[in-house]
Amino acid sequence: MKKFFKKHFYNFKESSGLYIKKIPWILGKNAFLCILVFILIDILIGGLLFYKYVLLIDAQEPEISSVYSKFQENIYRSVAEEWQNRENIFKNLLSLDKNYTDPFK
Numbered sequence: 007m008k009k010f011f012k013k014h015f016y017n018f019k020e021s022s023g024l025y026i027k028k029i030p031w032i033l034g035k036n037a038f039l040c041i042l043v044f045i046l047i048d049i050l051i052g053g054l055l056f057y058k059y060v061l062l063i064d065a066q067e068p069e070i071s072s073v074y075s076k077f078q079e080n081i082y083r084s085v086a087e088e089w090q091n092r093e094n095i096f097k098n099l100l101s102l103d104k105n106y107t108d109p110f111k
């Protein structure tokens, strides 16, 4: 019984390998038809994407959000102070005039 399944599976692998090897030859013999089919598929996909992302968006009205955000000045000031502190630290590091010897001489 085991030999039957092994033999059957081996025949399946062998026959599927033969069909896979024939695909490029079939495409090569019918190259013009294959190119036309691929162009048609490309046009269909492009048309669907255009319809979805351009035409449907124009037809729909945008939703107006009723939630308004308020400018929080205290957070803005804390961020501005942090930027100023970092800029001062960077300027202090640049202002230190250190002379390094050239290790390649």
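This note's numbering numbers the first residue of the sequence shown as 7 and each following residue consecutively.
Positions of the beta carbon are idealized from the N, C-alpha and C atoms, including for glycine.
Cα separation between P109 and L102?
The alpha-carbon atoms of P109 and L102 are separated by roughly 20 Å.
If you draw a straight line from the C-alpha of L62 to the C-alpha of P68, how long is it?
Looking at the two C-alpha atoms, the distance is approximately 11 Å.
Taking 9 Å as the cut-off, decide whether the C-beta atoms of L33 and C40 are in contact.
Taking 9 Å as the Cβ cut-off, L33 and C40 qualify as a contacting pair.
Alpha carbon of I81 to alpha carbon of V43, nearest angstrom:
Rounded to the nearest angstrom, the two C-alpha atoms are 59 Å apart.
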